[in-house]
Structure formats: C-alpha cells, structure tokens
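Asker:
In the numbering used here, the protein residues as written are 7 to 1162.
1) What whole-angstrom Cβ distance do residue 471 and residue 551 have, given they're in contact under 8 Å?
2) Taking residue 599 as the reference, which of 429, 170, 323 has the closest Cα?
3) Whose CA, out of 704, 867, 864, 719, lies closest to the CA of residue 789?
4) Report yes if the CB atom of residue 915 is closer than 8 Å to the CB atom of residue 103, and no otherwise.
5) List the whole-angstrom C-beta distance separating residue 351 from residue 91, where the pair is believed to meet the contact cut-off of C-beta under 8 Å.
6) On a CA-only basis, which of 168, 503, 176, 223 is nearest residue 204? Give me that one, please.
7) Can you check which of these residues, 819, 960, 300, 617, is closest to residue 639 by C-alpha distance?
8) For residue 1088, count neighbouring Cβ atoms within 10 angstroms of its own Cβ and tell me buried if that reaches 16, exposed if not.
9) Might you give, ordered along the chain, the residues of its own chain that have their beta carbon closer than 7 Å to the beta carbon of residue 582, omitting 5 neighbours on each side?
10) In the DSSP assignment, the alpha helix (DSSP H) including residue 551 goes from what residue to what residue?
11) Apart from the five residues just before and just after residue 594, which ones in its own chain have a Cβ nearer than 7 Å to its Cβ?
12) Can you round the beta-carbon distance between residue 206 and residue 129 to whole angstroms, since I take them to be within the 8 Å contact cut?
13) How long is the line joining the alpha carbons of residue 297 and residue 941, rounded to whole angstroms?
14) So who's on the other strand from residue 726, going by DSSP bridges?
15) Hey, quick one: how far does the alpha helix (DSSP H) through residue 1007 stretch, first residue to last?
16) Quick check on this structure: which residue in 545, 584, 563 has the alpha carbon closest to the alpha carbon of residue 572?
17) Return the Cβ separation of residue 565 and residue 467 in integer angstroms, given the expectation that the two are a contact with Cβ distance under 8 Å.
18) Report back the beta-carbon spacing between residue 161 and residue 254 to the nearest angstrom; my notes put them in contact at under 8 Å.
19) Across which residues does DSSP place residue 715 in a beta bridge pair?
20) Mark residue 864 as exposed unless 16 or more other C-beta atoms lie within 10 angstroms of its C-beta, in which case mark it buried.
21) Would you mind working out which of 1016, 155, 832 sits nearest residue 286, comparing C-alpha positions?
22) Using only CA atoms, which one of 672, 609, 358 lies nearest to residue 407?
23) Between which residues of its own chain and residue 724 is the CB-CB distance below 8 Å, once the five residues before and five after are set aside?
24) Are the CB atoms of residue 535 and residue 558 within a distance shorter than 8 Å?
25) For the pair the region 936-953 and the region 1057-1069, tell me if three or more CB-CB distances fall below 8 Å.
26) Taking the alpha-carbon positions, what's the residue 700 to residue 752 distance?
27) Checking the sheet assignment: what are the DSSP bridge partners for residue 847?
28) In or out: residue 921 buried (at least 16 other Cβ within 10 Å) or exposed?
29) Which of helix, strand or coil does DSSP assign to residue 277?
30) Going by the beta-carbon positions, is the gap between residue 131 and residue 144 smaller than 8 Å?
31) Please state whether the Cβ-Cβ distance between residue 854 and residue 165 is less than 8 Å.
32) Under the DSSP definition of a beta bridge, which residues are partnered with residue 567?
33) Can you tell me the Cα-Cα spacing of residue 1029 and residue 918, whole angstroms?
34) Say whether the region 861-881 touches the region 929-944, bearing in mind that this needs 3 or more beta-carbon pairs closer than 8 Å, one atom from each stretch.
35) Could you compute how far the alpha carbon of residue 532 sits from the alpha carbon of residue 510?
36) Specify, as a first and last residue, the run of the alpha helix (DSSP H) that residue 635 falls within.
The following block contains the structure:
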C-alpha cells in the first residue's frame, strides 16, 4: 500500500525489478478497455549538481569537509569570539578567497552542465498526434509518444523501432556517444509494424509494450509487443536489436518512427551517469603527511609560548608592572581558562604556517596544466582529426610515478584494421593470387586442393554468416544514378567486413539484404538469393555467431563462425585435426583466426528449432539464459569447413614506445582476450619479449598433462619461484625499481589458469602470493584469454601488493573499462572499437605511441612542478611565521603581532602566489626532447623522490635558516637606536615591515634562482609581484583609510625607505639568506665544468656501432650532475645518446641541473 502511494506521489521511482506496460500512442488496447494513463518521469535530463537554491549551502558543506578549510574556519571563529592579537580578517579573508575561487570554479562547471542540459531538453522533436507531425520540445516527450527521427538526428529518448524507410524496416545507427562504438549498427523493426511508414499509418497502430523496468545495461533489453488487430492479439518479442537508445544517431536512413519506452533520467544513457571512484595521487598523500608535521610545529610553538609566558609572568614585576596594573576582573579570572585562551591566541598568531592557499593553487595548477596536454600538437592525430583528452586533471603528477603498465592488445598495440590474409578449407591453405584462390599448402596424401563444392560452400558461409550492411553513398542526400552507384560495407565489427571483403576478392560478393532475403553474386556472376530465417548473434560467452538461411531449392543451412575454442568441440573430431594445424600456425604468425562450420537441417528439425527460438524470445524472465540454451542445442553436430586468418597490424611506433617504457623502469603487462599464440607473436613484434627471453608458461595446455590440475599448478608455481629466486638478479629494497638491461624471464598465463589461482579457497592465497612474486620477478608478463573482470583482478592484485606500486591501464574497448577504472591512472585509446574506454578513462590519446610523451615528458614535468610547488609553499610559510615566533621572546610573550594585518592577509594571496603558480605551469628543468630521448631520466623521480622526508627536511631547514637570518639580521640592525639622520627612532611596526620586506624579496628571488625555463610570463609575475608589493605598501601607508580605527602603518614604509642603513640591511640580508643557494649553484657549475674533461664512456652507455674521435667526445657539453632530492640513475649511467643531438643542441648540458 505504501509503495503504491509512494509511486503515485513520486512518478519514476517505481520498483525497477518488475515490468511496465506502455500504451503506444496513449490509446487503449481496445475500445472496450478503460485507459488510465500510467505515470512515468518526463524527458528532462538533469546532469547538473546544484540549483540556484541549494548551491551555497551544498557547496559550502562540500568545501568544509576538507580539513584545511575546516581548520581555518575554526581559527576564524576563535578570532571572532576570543580576544586574539590579530583581526579575524587575517584568517577570514584568505579563507573567503579560497572558498570563493573554488565555488566560482565549481559553479562555472555546473553552469556548463546546466547549459548542456538545456540544449538537450529544449531541442526540437516531432511527435505524431492525430496523424499529424507536432513540433515539441524534447523535455515534453512522454512514455508512449510516437516520435519521428530523421537522418543524422539524435534519438531524444529510448525508442522501440516501429518502422523506417530502410529495407525491411531496418535502420543504421552509431552509438559512439554511448558505448563509444564508432562502427555502424543495424536495428530492426517488428515485421508486423515495419510497413507503417507514414504519419497516418503509424497512428493507426493499436498495441501495448510490456518490458522490464529501466536498467543501466546498454546491451540488454527484454520486452514483448502485443498488437491488436480485429479482436486478434499478436505477441512479438522485443530485444536489444529493437531498442534505439537516447544519444545514438540515426545514419544512412531517411527517417524512422519509434515509440518512447524510457524517458529522461530513466533512459539507459542517464542511468549510466555514475560517478567514478575518486582517485588520489601520491602527492596528495604527501601533502597530508607534511601538513601533520606542520600542525605539530604549530601546536609546539603555541605550547612553548604559552608555557614561557607564565614562566616569565611568575615574576610580579613582569606580570603586573607599575604602568599596567590588572583590573579586578582580570585578577578574579579563572586561570585554567586564561591559559587555554592564551594557547588559542598563540595558535591564531602562528596559524599562517599552515598554507591554506596552497590547496587552491594546486587545484589551479592541475586545472590549467591539463590544457597543455590537450594543446599538445604532437599528440594530435591527423587521420582521426583529434588530439589528447583530459577527463580528470587531479592525476597529472601521477603520470610521473607509474611503475606498472597494463595494456590491451587488439586496438591498443595493434591498429584494429583488419585485412583478410588467407584461409584454410578442408586442411588446404589458400592465398590470394590475382582474382582466384591458390592452394599453397595441404595435408600429404590428399587431393591437390579441396573440392569445388567445399570451396564454394566455404565462401558462401563467409558471405552469409555476418551482420554486415550495405551503405549507399549519398543515399539520403539527393538522387543517385543507378549506374555508377558505389557501395561500401558497414558493420559493428571490422572482422566481419574483412571476411566479406575477402570473399569478394575470390568471386563471391555480398549484395545486401532486402525483405529478409540475402543476395550473393557468385564466381559465375549469378545472383543467389537466400531467405534469412534467424540470426544467432555473437556474444562473448559463446564466442560465435550463426545464421539460418533457406536456399531457392528449399534446403535449410546453419552457417556458424567463431573462435576455435568454442567450435572444435561442436564438430566431428576427424575434421578438427587437419584444420587445427593451420589455425595454430596462423596464430603463431600473429593472425586473428576464426573457424567456419555448417549444418544442413531438414524441415522438421527447423520447425522444432524455430518453435524453441520463438518461445525463448517471448520470455520476459531469464530470456538470455533460455536463448543461450537454445543456441547451444542448435549449434551442435556441425561440420567444419575451414578457418580464416585476418591480420591486425601493429600500431606505428608501438615497439619503440614499449622499449622506452622499459628503459624508464616500468614493467609492461599485456592483458588480452586473444589466443596465446597470436598474443605471443604480437609481444615479440612489439619487443615486449626478446629473443633472449626465457618464457615461463602457466596455461591450460601445461595443466592438462596432469589429471589434478590444481596440484600441477602448485607444482609449476613452486618450480618457477625457485628458478627465479635462484637465478634472477636480486633487487635491493622491496619497492625500488631496477632494470637490468637483459630481459631474462617472461611469463605467459591464460584466463583459465588465472581463475584457479584467484579462486577463493585457503591454499589459493598462499599460491596467489607466489604467483605475484613470479610476475614481479619477470621483466614482462602476457595474460591471454582474459575476461574483462580478470583484467581488473590482475590490476587490483598488483596495485595492492607490497609497496603499493602506481599502476596505469591502457585500452581502447568496452572490455577494457574495468581495468581502466581499477588502476591508479586510466588511459583510453580513441580506437576503432569505440570510445567507451576513452570516456571512462582519466586521459585519452589517439594512438598508443602518444603514451610515450604523455608519461615520460608530461608526467615527469607535472610531478617535478607540483612537488616544487608543495615544498615551496611550506618553506615560504615557515620563513613567514618563524620571525613572528622569535619576536615573542622580545615582547614578553604578549602575543604582539610582528606584521601588520594587511601583510598577514595578503602574503599568500597576492604577494607570493602568482610566481609559484607560473613556475608550476611553465618550468622545464629538462627539455621535453631530452626527456623523450632519454627514458632513464624518468627513474630519477620514481617512488615520489622529490616529496620524500629528506627533501622535505632540506626545505624545512632552508626555511628555518632564512627565518633566523631575517629576524636576527634586522634585530642587530636595530641595535643602533637611531637609523635616520634626523635622530628619529624606528618603532616595532618599522621592525616588522623591514623583516616582511626582506622576506617577500627573499622568497621571490629564491624562486627566480630555481627557474631554469624563463618566459615572458615568468618575468611578468616575478618582477610584477615585487613591484606590486612596493606600490601597495606605499599606498597602504600613504593614505589615511577611513575604515581603519588605527593608522599604525601611516608613512612607515615610506620613512623606512629614507634610511640608507635599511636599504643596505635589506640587500645584505637577502644575499645572506640566498647565499647557500648561490653557493650550491656555483659548486654545481664548477663540478659540471670539471666533468667535461672526463671521457664520455664513464658516464654514458655507448652505442655498439658508434665510433667518435676523442676530440669530439671531449668537447661534448652533455653532463649529468648529481641531484639533491633525486635518486641516482642506476649504475651511474644514463641511456645512450646520439652524437648528432649534441651537435644540433649545444645547450643540452644545461637541462640536467639540480632539482630542489
């Protein structure tokens, strides 16, 4: 009862487990039936996060969930409630700035979503009402409306296809915006409605549709259409081939009519709007760790000052001097509460040591930095007319920390551009020679070639067993001459097009389908017509597809094609042997293989199968299981005709990219669903396996030798473990990466064996650890015959292993989405299998070769930049607050601030923010060309090297040193009570202003010293920030501001600049503070100059066939200085270099300066 009431009040929230009934055209099934319009949700799409009313509270709630923002909110409230030495503005304004900037960014992004929603919701559609086309907005479509869609238009909701202008009520669709499949797909209308091709005809349809409640699965749909004609009811099954999804585009068809079954947020596209799991980078974890350290420093400072204050006030002369006697209220105050209040006051005074503005700077750096990937012209593909795509900017720096790369094979390492190479018929191998088949191989003792009947039957099977459609050029764009009309094949699978084109080369041409009759032009130029009875569609479980056709003579044939593993056990054993040899040989040659079989049926057998198929298709519950069972029964007892070999070429520069990733210290694993032999051949071609690699196999073939497979598997695992531990070179450290230069071992494992290893039982966990150890000791791993879920399991296993290595997955198809989402970083290839992988990835690139620059160059630079940004923020805030802490020792711990409130507020917001932002976007310590040419440089930033504790302590020590120099330098300057010629004495605000001025110049010039790659923007923000500080200080102290109660900074800065002593002190203190950095740079340059005298062979690997005169080697400027915060390159060597590069780039040596 409650559920019914709730569904009526909240339409669209009905239970999704059951079914729904849709009345076509909102008409009752018959005139005697009462029609009550069911309530479904409207067709509005809402992808936005906020509304006008909830934006402020919802956004504030989300932002204050971040620890740093919540901390500064607490500090602001303490300042507002407790009598603290600084104004609440000093904490409130920076917090307000951070919150406002983040809110504006998120609000703008949500506004873009609102705008995109409105474009969809307000788009024009045509509804058939009372036999007329009515123009409406898309959001006003209701379930049951009959919608007309034209060519190249997008479907406004999920529609059941009623009729089309295409042949047999079919239409061609692209679903690239949904599942990324860029190939054309064919959808079918129910035969009883396919003739309703006009507004008047379709409006006469009296029918209801029973279907499942909305489900997010794009490839599943179960329904039934009940058609009412003359008191007679006809039931017709509906499946995914009848459902046109919202977001898909009609192609090659003039127009279609469809009835809306799912609308708005209940469409399959909307149900797939699910957020991906939040991925956190290693830099974020380091920031949190450093933040805890600085929070401890803050609490320690506040505790020390609070304690020393009461120690100092234990002397009555200090506690209550004659000029400042306590009031009665102060004397009677509760001491514990007073101590706590003082502690909070010191916390407020020192709270700027926590860099709250660092978070917004990091966000801006990631957001703006991601555009450099999208704008990279070298990652733009001319053929696809597309470049790289950044779906999330939160992981830019994670690209510089990758340790394991998991890649798909088909479409990722290969082009997924299929070409028919050869075929095998009855054990005889055929290749193309001109326009006919030529036998090149065959079994001994057999005829010279297969019989003519078998050849023709094989080629007919290729022409009939597929879902290929004919695409007529300019079919819907105007009249086409019947004579010169060219046609091309379109299909959802490039394999099918390759097979049909292969048959066409040998004289059998598929001419298309008309009224469910397939036409084939044979070698004698005769037109053969076959009635298409049924199509048993391909699915990844069966790994095959079939068609049932009837010839002109009345014979009924079943033609089937599929993977050898799914075909051999369904045909006679004596037929397998002579075909299997060729299949295995083709697989070893790297070709994709399919087996072709047939079966002739009598009319009685067909009638029984037809009945079973109709019953299974009409089921609303467990339809897929029932269909699968019927398919298994039909596809049994077949005769094997032969096999095909299709070549999928290796992508351009795929081998060079894998070599570069190996040289950078990454381990590359190939995870594919292909046969082991095909995948192994591809791995050799792309240099994942070398000729010297010893391959270890954990495959079903190895386990079949023993009856008890689990025992044999455990025996092999122990054997391989002993072999690798004894012979493989030992690696120091559990997480440290090493690359020996010689690939000793490679592992091959298949999906069946992996299922045994990962099975959830007691002994499995032990052997799972052994398996992981074996994988990590091998230089390359190939996993074949993998299901999508197994790919994700492999990635998860490595990701959660000891040391938590950073993983990256790359793929191009829908079956790769699971491993892309599982890895730390997911890369999608914009390939021919579609865009679903690209849409679910963190980054998308057109080709696999672009992975090289993305990781080795962009990843390296982003990590170095953001690591420097984080360390610099903590360093400059420690420099900022340490003088404030030291000042308390000279003011009786009275919580007197050293700096003016305006300086406290604007230090992180205005004076020092833009230089580090520009640095973190533009800096290139090493040129991109050098990073790509020398992959081993990537190893120097491995294991989060620049954000380890040693570099952090270096930056902290540097900040403490400069803070001490600034404070005590000015303190000694003030030992002379008169710093002006007129005898005027400087006060405490002059003291703080001198310290602050020196501080701003020091930290900004420190960044200038760190900058190696100067642009006009660096000059603008560095020198512009210093100029802005000076101008601001002059105006801040030169004007009497009406909103200030105290004008304590009035002319302080201007008077300070009139003293020559102050000028000299500022210059001297800046030099002393930066002296360690300057000294380090000088020593580094001297060391580099000394290394130029050393022979090249002591630092680099020589190319084996390269001979260079000693004079040339001596004059090469390229040297490798030592790094402070980086790990040394293994064996002290860098990857080999080309002498020509140094001749062309004499400045190459300057690119290897120290990272700090």
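The beta carbon of each residue, even a glycine, is placed where N, CA and C say it ideally should be.
Answerer: Walking through what the data contain:
1) 7 Å
2) 429
3) 704
4) yes
5) Yes, residue 351 and residue 91 are in contact; Cβ-Cβ is about 6 Å, under 8 Å.
6) 168
7) 617
8) exposed
9) 574, 646
10) No alpha helix (DSSP H) contains residue 551, which is instead part of the beta strand (DSSP E) from 550-556.
11) 683, 687
12) Not a contact, Cβ separation roughly 26 Å.
13) 33 Å
14) None; residue 726 has no bridge partner.
15) 994-1016
16) 545
17) 4 Å
18) Yes, residue 161 and residue 254 are in contact; Cβ-Cβ is about 5 Å, under 8 Å.
19) According to DSSP, residue 715 bridges with nothing at all.
20) buried
21) 832
22) 672
23) 776
24) yes
25) no
26) Within the model, the alpha-carbon separation for residue 700 versus residue 752 is close to 6 Å.
27) According to DSSP, which records beta bridges pairwise, residue 847 is partnered with nothing at all.
28) buried
29) Residue state, collapsed to three classes: helix.
30) Between residue 131 and residue 144, the CB-CB gap stays under 8 Å.
31) Not in contact: residue 854 and residue 165 (Cβ atoms no closer than 8 Å).
32) Partner(s): 551, 602.
33) 11 Å
34) yes
35) 14 Å
36) 629-640
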